[in-house]
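Everything on this sheet refers to the single structure shown next.
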Amino acid sequence: MTAAEAEFPALAKLLENYLAHLAVERGLAKNTIASYRRDLTRYLEFLQSQGKFHLREVTEEDVVAFLAALRRGDARHPPLAVPSAARAVVAVRGFHRFAALDGITDVDPARDVRPPVSGRRLPKAITVEEVNRLLAAVGGPTPREIRDRALLEFLYATGARISEAVGLAVDDIDFDEGVVRLHGKGDKQRIVPLGSYAREALRTYVRDARPLLAAAGRSPANRGAVFLNARGGRLSRQSAWAVLRRAAARAGLTAVISPHTLRHSFATHLLDGGADIRVVQELLGHASVTTTQIYTLVTVDTLRQVYAMAHPRAHSR
Numbered sequence: 066m067t068a069a070e071a072e073f074p075a076l077a078k079l080l081e082n083y084l085a086h087l088a089v090e091r092g093l094a095k096n097t098i099a100s101y102r103r104d105l106t107r108y109l110e111f112l113q114s115q116g117k118f119h120l121r122e123v124t125e126e127d128v129v130a131f132l133a134a135l136r137r138g139d140a141r142h143p144p145l146a147v148p149s150a151a152r153a154v155v156a157v158r159g160f161h162r163f164a165a166l167d168g169i170t171d172v173d174p175a176r177d178v179r180p181p182v183s184g185r186r187l188p189k190a191i192t193v194e195e196v197n198r199l200l201a202a203v204g205g206p207t208p209r210e211i212r213d214r215a216l217l218e219f220l221y222a223t224g225a226r227i228s229e230a231v232g233l234a235v236d237d238i239d240f241d242e243g244v245v246r247l248h249g250k251g252d253k254q255r256i257v258p259l260g261s262y263a264r265e266a267l268r269t270y271v272r273d274a275r276p277l278l279a280a281a282g283r284s285p286a287n288r289g290a291v292f293l294n295a296r297g298g299r300l301s302r303q304s305a306w307a308v309l310r311r312a313a314a315r316a317g318l319t320a321v322i323s324p325h326t327l328r329h330s331f332a333t334h335l336l337d338g339g340a341d342i343r344v345v346q347e348l349l350g351h352a353s354v355t356t357t358q359i360y361t362l363v364t365v366d367t368l369r370q371v372y373a374m375a376h377p378r379a380h381s382r
C-alpha cells in the first residue's frame, strides 16, 4: 500500500463526520442522509479509481468527470436521471465545502460545478459528413460566394459565436501563425487556431473578394471588418444566418441549422476526437468548464449509439 492509499481511510472518516454534521447540525432526514451516503461513497470510489486518495488532489475536472460518469452509468450502476445526478452533485459540493471550512483543503474544487437541470436541451450538432456537405454546398466565383465559403469555414474551424464572427477585424487574423483573436462576451479575448481549410478560404476571401466588397462602401467605419455585405458594410448577424440557411437548403440538410449549430458541432467533434474538455472550454471561451460539460453528454449519447450498432452482444436475441 502506498502512502497515498494509506490516507484513503481518512476520507472515509471525513465522510462520517460530514454525515454526522448533516444529521445533528442541519437536521436532515434519515432518508436524505442515506442518499447522501450512497452518493458520496460512490464519489470516493470514483476518486480512488482515478488515483486520488486525498481531497487536496481533487480538481474541478474530477468533479465534472464524476458527474459525467453518473449520467453515463457503468457495469455496476445504471445511468442516473437528471434529478438523481443533481442530488449527487449537491452532496459532493457540500462535502467539499465542509472540508474547506474545516481547513482540510485550501480550495473548493466543486464550488463552480452546477447540478444538471431537468429539461435542459442538449446542444444540436450535425455529423462530420453533414458538415462536409454543408461546406461543399457553398462557394463560387463571385465575391459574395467566396465570402460565404470563408464565413462557414471560419465558424466550423473556430467554434466562434456568430457575434464574434461578424465582429471580426482584419487585424485579428494572423495568417502566418494560423491563429485568430476572438472578442467574446464581456470583451474577453482568446486565441483560436485556424485549420488549413479555413485559413485558405479566409486568405482567398481577404485577398481577392473582400476588396471588391469594400469598394462599394461609403462609410470608413466598417472598413476594418472582415466579413462585409454587398454594400461594403459589416455583415449583420441576420445576414450571416441567412448564408447558413441557404447552404443548408442546398446541402439537403433537413434539421434546423443555425450558426450555433456549427459551434456545437465544433465542440462535439473535438470531444469525439479525444480533445480534453479544458482545451475545448478555452476554445469556446466558456468562463467555467461546467458550461462545457454538457457536451460530454452529447458524446456519451454518440458512444452509446455506436456501441448499440457495433457490439455483437449489445442486444438480446
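Per the numbering used here, numbering of the sequence shown is gapless, rising by one per residue and ending at 382.
Think of the CB as a built atom: it goes at the ideal place given N, C-alpha and C, for glycine as much as any other residue.
Option nearest residue i by Cα separation, candidates the options
| i | options | result |
| --- | --- | --- |
| residue 242 | 225, 123, 261 and 341 | 261 |
| residue 213 | 137, 300 and 343 | 300 |
| residue 228 | 292, 302, 195 and 162 | 302 |
| residue 131 | 245, 119, 115 and 122 | 115 |
| residue 239 | 280, 296, 305 and 291 | 291 |
| residue 169 | 209, 91 and 161 | 161 |
| residue 269 | 207, 298, 294 and 223 | 207 |
| residue 77 | 88, 109, 93 and 91 | 109 |
| residue 119 | 91, 218, 165 and 95 | 165 |
| residue 217 | 91, 304 and 141 | 304 |
| residue 332 | 225, 211 and 312 | 225 |
In DSSP terms, what residue i is bridged to
| i | result |
| --- | --- |
| residue 255 | 247 |
| residue 234 | 290 |
Reduced DSSP secondary structure (H/G/I, E/B, other) of residue i
| i | result |
| --- | --- |
| residue 216 | helix |
| residue 70 | In this predicted model, residue 70 has a pLDDT of only 41, less than 50, meaning its place in the structure is not dependable; the value taken from the coordinates is given anyway. Reduced to three states, the DSSP call for residue 70 is helix. |
| residue 177 | coil |
| residue 266 | helix |
| residue 171 | coil |
| residue 328 | helix |
| residue 315 | helix |
| residue 322 | coil |
| residue 82 | helix |
| residue 191 | coil |
| residue 202 | coil |
| residue 9 | This structure does not reach residue 9, given that the chain is present from 66 up to 382, and the question cannot be answered. |
| residue 278 | helix |
| residue 293 | strand |
| residue 299 | strand |
| residue 241 | coil |
| residue 88 | helix |
| residue 307 | helix |
| residue 273 | helix |
| residue 343 | helix |
| residue 226 | coil |
| residue 75 | helix |
At a cut of 8 angstroms, does the region 164-184 reach the region 306-323 through at least three beta carbon pairs?
no
For the 8 angstroms Cβ check, are there 3 or more pairs between the region 91-104 and the region 151-165?
yes
Alpha helix (DSSP H) runs wholly inside the region 91-167, at least 4 long, in chain order:
95-114, 125-137 and 147-166
At least three beta-carbon pairs within less than 8 angstroms, the region 324-342 to the region 189-206:
yes
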